[in-house]
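Taking it in order: structure first as structure tokens, then the write-up.
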Amino acid sequence: MDMNLKIHRFVEGKKWVQDYKLTVKTGMTVLEALTEVKEKQDPTLSFTCSCRSSICGACAVRVNGNAELSCEVLVETLMKRYKTDTLVIEPLGNFKVIRDLVVDWDPKYATIKKIKPVIEPKKEFSLETGCKQSPEEFNKFKKYAKCILCGSCVSECNKSALNQEDFLSPFVFVKAERLVADSRNRSPQEQLKAIVEAGLWRCFNCQECTAKCPKGLDPAGAIEKLKESTFAHKLDDNVGARHAKAIYDDISDSGTLDESKLNIKSEGLIMAALRAPMAVRLMRTGKMNPMNGHPVNPEIETIRKIVKNAEAASKEAE
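Read in UniProt numbering, the sequence shown has 272 at position 272, and its numbers run on one by one without any break.
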């Protein structure tokens with residue numbers, strides 16, 4: 001079976017898409033296909049790889065618009081998924097491209113410093129006793145320690161695509177949750193303060209980072225856990241936290257959102273007043289009418305039970 005590879009090329013400021021044809025072998029991965037092209041057809045093609053065992057994360061690329069570990073995903077699997085014999089391979093999104101499929105990781109690595117990525121042990125620990133914790137405590141953050149820094153989450157992050165200046169990469173939030181959830185950490189609030197300042201509440205909650213993570217680490221879930229921790233550590237005096245609390249209160253009290261007051265509760269009267277033109281547009285379209293009383297959902301008791309069950313399940317998971 002033959003296939004077509006359309007590879008995005010970038011060399012010294014010039015961009016183009018180059019076509020290659022090759023025969024698909026049973027069990028061939030995307031990385032093997034790229035290697036065959038480089039070794040047998042075009043030695044100028046550049047890409048990165050190392051372990052070839054889905055451990056180092058170096059070989060991640062986008063295939064037909066989705067981030068993949070090229071050493072892990074099979075060509076045949078992708079051809080069946082997309083029902084085509086043509087695969088379009090391009091570098092990860094939301095990265096600066098250095099050459100062809102090679103991207104610049106240095107700026108992303110540098111942002112890790114913003115979360116103060118060092119654990120300061122609790123005072124009860126010592127050189128003699130060490131920093132012990134129970135298996136249950138370890139399990140709270142164990143999966144987040146498995147991040148291989150492949151960049152798939154960054155590539156598909158819609159917030160990063162819009163603006164990376166006021167938001168950390170999803171994998172940095174995964175690292176942050178690993179630190180905050182560690183029972184040996186003396187002052188997780190220090191990390192949390194830095195995380196809030198670095199854009200925690202600006203996440204779009206699009207779930208793309210979780211959908212594309214090849215290790216199933218749920219970066220979006222890590223972000224939600226960090227948000228929850230800000231309330232526990234009394235770091236909820238910000239627009240994002242107040243907005244979340246306002247939604248929670250509305251759902252708990254009436255089962256519906258009171259959009260005429262939501263912005264006031266989130267940003268305060270002065271900032272809400274500056275958004276008056278938007279409020280007028282909402283009223284004109286019938287989405288919001290402050291003159292009407294806020295309705296109570298007839299199923300409010302059922303909704304309250306759902307909220308309580310969700311809270312109980314969350315505590316049990318902890």
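We put the CB at the ideal spot given by N, CA and C, even for glycine.
> What is the rounded straight-line gap between the Cα of V172 and the Cα of I115?
Replying inline: Against the sequence shown, residue 172 aligns to sequence position 172. Against the sequence shown, residue 115 aligns to sequence position 115. When only Cα atoms are considered, V172 and I115 end up about 8 Å apart.
> Taking Cβ positions, are T111 and S169 nearer each other than 8 Å?
Replying inline: Looking up residue 111 in the sequence shown gives position 111. Looking up residue 169 in the sequence shown gives position 169. Less than 8 Å separates the beta-carbon of T111 from that of S169.
> Terminal residues of the continuous beta strand (DSSP E) containing H8?
Replying inline: The count along the sequence shown starts at 1 and reaches residue 8 at position 8. Segment 2-11, the beta strand (DSSP E) holding H8.
> Which residues bound the alpha helix (DSSP H) around V30?
Replying inline: Counted from its first residue, the sequence shown places residue 30 at position 30. Residue range 30-40 is occupied by the alpha helix (DSSP H) that includes V30.
> For C150, which residues of its own chain have a beta-carbon under 7 Å away from its beta-carbon, when the five flanking residues on both sides are left out?
Replying inline: Taking the first residue of the sequence shown as position 1, residue 150 is located at position 150. Around C150: G57, A60, L69, P214.
>> Whole angstroms are fine: how far does the CA of P135 sit from the CA of G221?
In response: Translated into positions along the sequence shown, residue 221 becomes position 221. Translated into positions along the sequence shown, residue 135 becomes position 135. P135 has its alpha-carbon roughly 21 Å from the corresponding atom of G221.
>> Just to confirm the assignment: which complete alpha helix (DSSP H) runs, minimum length 4, are found wholly within the region 97-146?
In response: Scanning the region 97-146 from its first residue to its last, the whole alpha helix (DSSP H) runs of 4-plus residues come out as 106-111, 135-139.
> With 16 other CB atoms within 10 Å as the buried threshold, where does K225 fall?
Replying inline: Locating residue 225 in the sequence shown gives position 225, counting from the first residue. K225 counts as buried, since at least 16 other C-beta atoms from the protein chains shown sit within 10 angstroms of its C-beta.
> Going by other Cβ atoms of all chains shown within 10 Å of its Cβ, with 16 needed for buried, is L269 buried or exposed?
Replying inline: Position 269 of the sequence shown holds residue 269. Exposed, because fewer than 16 other Cβ atoms sit within 10 Å of the Cβ of L269.
> In this structure, does DSSP put K14 in helix, strand or coil?
Replying inline: For the purposes of this step, residue 14 is identified with residue 14 of the sequence shown, where counting begins at 1. In this structure, K14 counts as strand in the three-state DSSP scheme.
> Taking the alpha-carbon positions, what's the V154 to A244 distance?
Replying inline: As a position in the sequence shown, residue 154 is number 154, starting the count at 1. As a position in the sequence shown, residue 244 is number 244, starting the count at 1. Using only the alpha carbons, I get a separation of about 24 Å.
> Looking at V180 and S229, is the spacing between their C-beta atoms short of 8 Å?
Replying inline: Start at 1 with the first residue of the sequence shown, and residue 229 comes out as number 229. Start at 1 with the first residue of the sequence shown, and residue 180 comes out as number 180. Yes, Cβ-Cβ distance for S229 and V180 is below 8 Å.
>> I'd like to check one pair, V103 with P121: are the Cβ atoms closer than 8 Å?
In response: Against the sequence shown, residue 121 aligns to sequence position 121. Against the sequence shown, residue 103 aligns to sequence position 103. Against a cut-off of 8 Å, the Cβ pair of V103 and P121 comes out as no contact.
> Hey, how far is the Cα of Y144 from the Cα of F167?
Replying inline: Your numbering for residue 144 matches position 144 in the sequence shown. Your numbering for residue 167 matches position 167 in the sequence shown. Per the coordinates, the alpha-carbon of Y144 lies some 19 Å from the alpha-carbon of F167.
>> One question on the structure: do I89 and V63 come within less than 8 Å of each other, judged by their Cβ atoms?
In response: Locating residue 89 in the sequence shown gives position 89, counting from the first residue. Locating residue 63 in the sequence shown gives position 63, counting from the first residue. Yes, the pair counts as a contact, with Cβ atoms nearer than the cut-off.
>> DSSP three-state label for D249, please.
In response: The residue labelled residue 249 in the question sits at position 249 within the sequence shown. Residue state, collapsed to three classes: helix.
>> Suppose the cutoff is 6 Å on Cβ atoms and the five residues either side in sequence are ignored; what does the same chain contact list for T23 look like?
In response: As a first step, residue 23 must be located in the sequence shown, where it is residue number 23. The residues are D2.
> Relative to the C-alpha of K15, which residue among D100, F95, K40, T29 is closest?
Replying inline: Stepping through the sequence shown from its first residue, residue 15 is reached at position 15. Nearest C-alpha to K15: D100.
> Exposed or buried, what is V296 when buried is set at 16 or more other beta-carbons lying within 10 Å of its beta-carbon?
Replying inline: Position 296 of the sequence shown holds residue 296. Its Cβ having fewer than 16 others within 10 Å, V296 is exposed.
> Does DSSP put L226 in a helix, a strand or coil?
Replying inline: Indexing the sequence shown from 1 puts residue 226 at position 226. L226 falls in the helix class under three-state DSSP.
>> Just to confirm my understanding: we take S254, look at its own chain, exclude 5 residues before and 5 after, and list those with CB closer than 8 Å. What are they?
In response: If you number the sequence shown from 1, residue 254 lands on position 254. Counting only Cβ-Cβ distances below 8 Å, and skipping sequence neighbours, we find H294, P295, V296, N297, I300.
>> So I98 and L45 are supposed to be a Cβ contact under 8 Å. How far apart are they, rounded?
In response: If you number the sequence shown from 1, residue 98 lands on position 98. If you number the sequence shown from 1, residue 45 lands on position 45. The pair is not a contact, with the Cβ atoms about 14 Å apart (cut-off 8 Å).
> Ordered along the chain, which non-local residues of its own chain (more than five positions away) have a Cβ less than 7 Å from that of E137?
Replying inline: Here residue 137 corresponds to residue number 137 of the sequence shown, with the count starting at 1. Answer for E137: S183, listed in chain order.
> Whose CA, out of V239, F47, D250, lies closest to the CA of A272?
Replying inline: Locating residue 272 in the sequence shown gives position 272, counting from the first residue. The residue among V239, F47, D250 with its C-alpha nearest the C-alpha of A272 is V239.
> Count the other CB atoms within 10 Å of the CB of A33; is the residue buried (16 or more) or exposed (fewer)?
Replying inline: The residue given as residue 33 occupies position 33 in the sequence shown. So A33 counts as buried.
> Are L227 and L200 closer than 8 Å when you measure CB to CB?
Replying inline: For this step, residue 227 is matched to residue 227 along the sequence shown. For this step, residue 200 is matched to residue 200 along the sequence shown. Contrary to the premise, residue 227 reads as Lys rather than Leu in this sequence. Taking 8 Å as the Cβ cut-off, K227 and L200 qualify as a contacting pair.
> What do you get for D258, buried or exposed, if any count of 16 or more other CB atoms within 10 angstroms of its CB means buried?
Replying inline: In the sequence shown, counting from the first residue as 1, residue 258 sits at position 258. Note on D258: 16 or more other CB atoms within 10 angstroms of its CB, so buried under the neighbour-count rule.
> Is it buried or exposed for P219, if we count other Cβ within 10 angstroms and need 16 for buried?
Replying inline: Your numbering for residue 219 matches position 219 in the sequence shown. It is buried - the Cβ of P219 has at least 16 other Cβ atoms within 10 Å.
>> Measuring alpha carbon to alpha carbon, tell me which residue in Y82, N66, F231, S152 is nearest K108.
In response: Counting from one through the sequence shown, the residue named residue 108 turns up at place 108. Nearest C-alpha to K108: S152.
> L262 lies in the beta strand (DSSP E); which residues open and close that run?
Replying inline: Taking the first residue of the sequence shown as 1, we reach residue 262 at position 262. Annotation: L262 is outside any beta strand (DSSP E); the continuous alpha helix (DSSP H) that includes it extends over 259-274.
>> Just to confirm the assignment, what range does the alpha helix (DSSP H) spanning E90 have?
In response: Against the sequence shown, residue 90 aligns to sequence position 90. Under the DSSP assignment, E90 falls outside any alpha helix (DSSP H), being part of the beta strand (DSSP E) whose first and last residues are 86-90.
> What does E68 pair with, by DSSP beta-bridge criteria?
Replying inline: Position 68 of the sequence shown, counted from the first residue, corresponds to residue 68. Per DSSP, the beta-bridge partners of E68 are V61.
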